[in-house]
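Down below is the structure, laid out as C-alpha cells.
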Amino acid sequence: MERLSLFQIALKRLGMPVSKYLINFVLPATIGGLAVSLILYTMLSSLFVGASGIALLVMFPLLTTGAAIIWPVVQTLRDAVLIEKEMHMFITRMGILSIGEVNAQSMFDILRQMSDYGALANEVKSIEVLVEKWHTSLPEAARIIGRQSPSPIWGDFLDRMAFSVEAGQPINEFMQAEQKTFSKEFDTLYDTRLESIDMLKEIYISLTTTGIFGIVVSGIHLVLFVTEDYGSAPLEVMARIRWVLLAATLFVVMQAGTLVAFRSIVPDDPIFSRHEFDTEYRTKMRQVWIAASIMGAPILIASTAVILMYFEGLMSTWDKYGLVLVALIVTPFLLPGFTAGREERGILRRDESYPGFIRALGGTAQARAAEPSATIKALRGIDFGSLNKPIASLESRLMIRIDSERSWDWFSAEVNSGMVSRFNRIYLEGAQASGEPAAVADLVSQNTTNLLSLRRRRALSAGTMRGVAYGLLISTIVSFNIAIAVVLRLGTDIASVAQGMQNMQVDQITENAGGLGIPVLEETGAVDENIALFKLITSLLIILMVIILSAIATRLRGGGFALAMGQISTMMWIAALTSWITISLLDVTLGAFFAPT
18 MERLSLFQIA LKRLGMPVSK YLINFVLPAT IGGLAVSLIL YTMLSSLFVG ASGIALLVMF
78 PLLTTGAAII WPVVQTLRDA VLIEKEMHMF ITRMGILSIG EVNAQSMFDI LRQMSDYGAL
138 ANEVKSIEVL VEKWHTSLPE AARIIGRQSP SPIWGDFLDR MAFSVEAGQP INEFMQAEQK
198 TFSKEFDTLY DTRLESIDML KEIYISLTTT GIFGIVVSGI HLVLFVTEDY GSAPLEVMAR
258 IRWVLLAATL FVVMQAGTLV AFRSIVPDDP IFSRHEFDTE YRTKMRQVWI AASIMGAPIL
318 IASTAVILMY FEGLMSTWDK YGLVLVALIV TPFLLPGFTA GREERGILRR DESYPGFIRA
378 LGGTAQARAA EPSATIKALR GIDFGSLNKP IASLESRLMI RIDSERSWDW FSAEVNSGMV
438 SRFNRIYLEG AQASGEPAAV ADLVSQNTTN LLSLRRRRAL SAGTMRGVAY GLLISTIVSF
498 NIAIAVVLRL GTDIASVAQG MQNMQVDQIT ENAGGLGIPV LEETGAVDEN IALFKLITSL
558 LIILMVIILS AIATRLRGGG FALAMGQIST MMWIAALTSW ITISLLDVTL GAFFAPT
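Those letters in the sequence shown? Residues 18 to 614, by this note's numbering.
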C-alpha cells in the first residue's frame, strides 16, 4: 500500500473536511489578520504612508492565512517527532514482552496503558480500534495506520509487521527479530537529525550575520540621515527609529524561527527523570532556588535604583555598563544552574554504569531464583561506580520489606535518570511476565548501550553548538559596539564640522552636491539621542539572543529549566564582559584614528 504524502497525511489527520477547516479556521485567521492591519494602520498612520502602508495592510492577512494553512503540516511534523521519540522504548518493550510468549493482543493491551508513550500510544490505540470495533485484521489495520502515519520509520515498521503476520510468523518472533532491524533504522534516523542540526547551525550563523548587517546599516541611517524632530511621545520616537525597529523585528523573527526549527528537529530526550519522590537532590534544589530568590531580590532592587537615579548618564554609556547591570540581575540563577549541572554530570556517570548493573542483576536473578532483596544483596561486592549508593539504598528498602515496586521507584528517583527510570520499568515488567530475567536484562543492556552511544554523538553536537553560540554572541557584540562607536564618532565629528561653518550655508553644500549631502550637517541636535536609542535596541537584541542561544543549547543537552537559567546567567556575563572590554578598547583605538591633526 503506497504511503500518502505529507500534505495528504496532514489533511487526513484534521478530523474534518477540508472545506470545514477553511471556513472554521482559515477564514477567521484571514479576517483577524486584516483587522490587526487596519488597527495598526489607524494607530500608526504617521509611520506607514504610501507603499509601506499598503505593505502593512497586506502583510498581516498573508501571515495569518499562511499560518492557518500550514499549521496542519507543522502539527503533523511535530507528531512525527513525538512518535519517533518513543520508538526506541516501544521496540525494546515489545521485544521484552515477546520473550514471554505474549500474544499480539496482550502486548497492545499493555502498551495502551502506558500513557507516557504519548503520540505513539495514540497510534497503537488506532490500530486497536480498527481491530476491535471495525473487525479489521491486524495486518490490514497496521497497513492503514502506517500509510497515514506522519512518521516514516513507524509506517515502515507497521508494514513489516503486517507482512510477517500474514506470512505466518508469530508476533513474538517478529518482535525479537525486529530489535536489530529497528536499531539500525533508529541509528540512521538519529544521525540524520544530528546532520540536520549541523545544517541548522550554518543557517543560523548566516541569518544572524545578515541580521547584524541590517541593524548596523539602519543604525548608520538613523544617526546620519534622521534629523527631524519627531517629538518625545512613544509613537513619535517609534516613527524616528522605524527603520531600526524594522531591522530589529526581522532579526527577532529570524532568531525565533531558528529556535522553532531546532525544537522541531531535535528530539526531546530529557536527562532528568520525572517523579514524585522527595529525594535529596530535589530538596537541595528547593533550597538553592530559595537562596537564589533571597539573593536576587536586593540585587534587582539595587539595580533598578541605580538605573532610575543615574538614568541620563547611564544612557550615554549604556553599551559599556548596561549589560553589566543585566548580568548582575540574573547572577543568582548561577546557583541552581551550577547545582543542576553537577547533578547532570552525576546522572551521565550513573547512566554509563547502568548496562553492566542490569546485566548482572538479570543473570543473578536467573541463577538464584531468589527474592529481590537476596538478588540485590548478591551484587554487593561488585563496584558499579556511581550506582553504588542508590543500589545500597535499594537493598535496605527491600530488606525491611518495603513494597518491592515502591522500592524500585525510589531507586529510579535517586538515580534521577530519565533513561534508567523507563528501562527499569521495562525490565521489571518483562522479567515478571516472561520468567526470563537474564534474557530480559541482556536485551535492556543492549538497548541502553546503543542509546548511550547515540547520546554521546548528541553530546558532541551539543558541545560544538555551545562553542558556536559563545563565538557568535561575542562576534555580534563586537560588531554592534564597533558600529556604535564608529557611527558615534562620525556623527560627533560631522556635527562639530557643521557647527564650525559659521559663515557658510550648510544646505548649499547639499544643493551643490546634487542632493547627495548628509542631513546631519544641517541638523545636529538629534545625534546623541539617536545613538542612545540605538544602544538600547542593540542591548535588547543581545539579551534576546542570549535567551535563544541558551534555549537551543539546553534543548541539545536534554536539560531542564535550571540548566537553562544557569546558561543564561553565564552567557550574560560573557556578553557583559565582552561589551565592556570592547568599548574600553574602542575608546582608545578610535581616539587615535580620529585624533585631530
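All residues carry an ideal CB built from backbone N, CA and C; glycine is no exception.
What does DSSP give as the partner residues of S434 in its beta bridges? Your numbering for residue 434 matches position 417 in the sequence shown. BP columns for S434 point to F289.
Secondary structure, alpha helix (DSSP H): runs of 4+ residues fully inside the region 278-346: Counting only runs of 4 or more, we get 297-326 and 328-333.
Where the alpha helix (DSSP H) containing M33 begins and where it ends: Position 16 of the sequence shown, counted from the start, is the residue given in the question as residue 33. Element bounds for M33: n/a, residue is neither H nor E.
Alpha carbon of T466 to alpha carbon of F180, nearest angstrom: For the purposes of this step, residue 466 is identified with residue 449 of the sequence shown, where counting begins at 1. For the purposes of this step, residue 180 is identified with residue 163 of the sequence shown, where counting begins at 1. Computed Cα separation, rounded: 30 Å.
Are three or more beta carbon pairs between the region 467-481 and the region 374-394 nearer than 8 Å? no
Given L445, which residues of its chain have a CB within under 8 Å of its CB, disregarding the five upstream and five downstream residues? Position 428 of the sequence shown, counting from 1, holds the residue named residue 445. Here the set comprises E422 and W425.
When the Cα atoms are used, what is the spatial distance from R367 to F199? Counting from one through the sequence shown, the residue named residue 367 turns up at place 350. Counting from one through the sequence shown, the residue named residue 199 turns up at place 182. Rounded to whole angstroms, R367 to F199 spans 26 Å at the Cα level.
Return the Cβ separation of H105 and F230 in integer angstroms, given the expectation that the two are a contact with Cβ distance under 8 Å. Residue numbering aside, residue 105 sits at position 88 when the sequence shown is read from its first letter. Residue numbering aside, residue 230 sits at position 213 when the sequence shown is read from its first letter. So it is not a contact: roughly 43 Å between Cβ atoms.
Start-to-end residues for the alpha helix (DSSP H) that takes in V43: If you number the sequence shown from 1, residue 43 lands on position 26. Boundaries cannot be given for V43, as no alpha helix (DSSP H) includes it and DSSP labels it neither H nor E.
I think A46 touches T93, with their Cβ atoms under 8 Å apart; what is that distance to the nearest whole Å? On the sequence shown, position 29 is the one that residue 46 refers to. On the sequence shown, position 76 is the one that residue 93 refers to. In fact, because the Cβ distance is near 18 Å, the residues do not count as touching under 8 Å.
Touching by the beta-carbon criterion (3+ pairs, under 8 Å), the region 256-274 and the region 182-202: no
Round the Cβ separation of V90 and F24 to the nearest angstrom and send it over; I've been treating them as touching at under 8 Å. Here residue 90 corresponds to residue number 73 of the sequence shown, with the count starting at 1. Here residue 24 corresponds to residue number 7 of the sequence shown, with the count starting at 1. Sure, about 6 Å apart at Cβ, within 8 Å.
Range of the contiguous alpha helix (DSSP H) that encloses R359: Within the sequence shown, residue 359 is the residue found at index 342, counting from 1. Taken as a continuous stretch (DSSP letters only), the alpha helix (DSSP H) holding R359 covers L351 to R385.
May I ask which residues mark the beginning and end of the alpha helix (DSSP H) holding H238? One-based indexing of the sequence shown puts residue 238 at position 221. Here the alpha helix (DSSP H) through H238 covers I188 to F242.
Where R483 sits in the DSSP three-state scheme: Counting from 1 along the sequence shown, the entry for residue 483 is found at position 466. DSSP, reduced to helix, strand and coil, places R483 within a helical segment of the structure shown.
Residue interval of the alpha helix (DSSP H) (run including D176): Within the sequence shown, numbered from 1, the residue matching residue 176 stands at position 159. Counting along the chain, the alpha helix (DSSP H) containing D176 begins and ends at P169 to E183.
Does any C-beta atom of chain D lie closer than 7 Å to the C-beta of G398? No chain D is part of this structure, which consists of one protein chain only.
Per the contact definition of three or more C-beta pairs closer than 8 Å, is the region 431-442 in contact with the region 365-383? yes
Any idea what DSSP makes of W425, helix, strand or coil? By 1-based counting over the sequence shown, the position of residue 425 is 408. Three-state DSSP puts W425 in a helix.
Thinking C-alpha only, which one of L55, K142 and P167 is nearest L621? Since the displayed the chain opens at 18 and closes at 614, residue 621 lies outside it and no answer follows.
Is the region 205-219 touching the region 467-477 in the sense that three or more CB pairs, one from each, lie closer than 8 Å? yes
Please report the residue range of the alpha helix (DSSP H) in which K142 lies. Position 125 of the sequence shown, counted from the first residue, corresponds to residue 142. Run containing K142: A136 to E149, per the alpha helix (DSSP H) assignment.
If you drop the 5 nearest sequence neighbours on each side, which residues of the same chain put their C-beta closer than 6 Å to that of L404? Reading the sequence shown from its first residue, position 387 is the one you call residue 404. If we look at L404 and ignore the five residues flanking it on each side, its Cβ neighbours are R367, S370 and F374.
From what residue to what residue does the alpha helix (DSSP H) around T555 run? Looking up residue 555 in the sequence shown gives position 538. Run containing T555: V544 to R574, per the alpha helix (DSSP H) assignment.
Taking R160 as part of the alpha helix (DSSP H), name the residues at either end of that continuous run. If you number the sequence shown from 1, residue 160 lands on position 143. Element bounds for R160: L155 to Q165.
Around the C-beta of M216, are 16 or more other C-beta atoms found within 10 angstroms, so that it is buried, or is it exposed? Looking up residue 216 in the sequence shown gives position 199. It counts as exposed.
Kindly indicate which three-state DSSP category I26 falls into: helix, strand or coil? Numbered from its first residue, the sequence shown carries residue 26 at position 9. It is helical.
Under the three-state DSSP convention, the category E453 falls into: By 1-based counting over the sequence shown, the position of residue 453 is 436. Coil.
Start and end of the alpha helix (DSSP H) containing F413? As a position in the sequence shown, residue 413 is number 396, starting the count at 1. The displayed chain sequence assigns Ser, not Phe, to residue 413. S413 -> alpha helix (DSSP H) spans N405 to M416.
Residue burial classification, I108 (beta-carbon count within 10 angstroms, cutoff 16): Sequence index remark: in the sequence shown, residue 108 carries index 91 (1-based). Classification of I108: buried, given that the 10 Å Cβ count is 16 or more.
Expected contact under 8 Å - CB spacing of F551 and V261 to nearest Å: Here residue 551 is taken as the residue at index 534 of the sequence shown, counted from 1. Here residue 261 is taken as the residue at index 244 of the sequence shown, counted from 1. About 6 Å separates the Cβ atoms of F551 and V261, confirming a contact at the 8 Å cut-off.
Proximal residues to M436 (C-beta, below 7 Å), its chain only, five neighbours per side dropped: For this step, residue 436 is matched to residue 419 along the sequence shown. So the list reads D368, T465 and L468, once near-sequence residues are dropped.
Given this structure, state the Cα-to-Cα distance separating Q449 from R303, to the nearest angstrom. Taking the sequence shown and counting its residues from 1, the one referred to as residue 449 is at position 432. Taking the sequence shown and counting its residues from 1, the one referred to as residue 303 is at position 286. The straight-line gap from Cα to Cα measures roughly 37 Å.
Please report the distance separating the alpha-carbon of A264 from that of S596. Here residue 264 corresponds to residue number 247 of the sequence shown, with the count starting at 1. Here residue 596 corresponds to residue number 579 of the sequence shown, with the count starting at 1. When rounded, the distance between both Cα atoms is 21 Å.
Collapsed DSSP secondary structure at S398 in the structure displayed: As a working note, residue 398 is residue 381 in the sequence shown. Before going on, a small fix: residue 398 reads as Gly here, not Ser. In this structure, G398 counts as coil in the three-state DSSP scheme.
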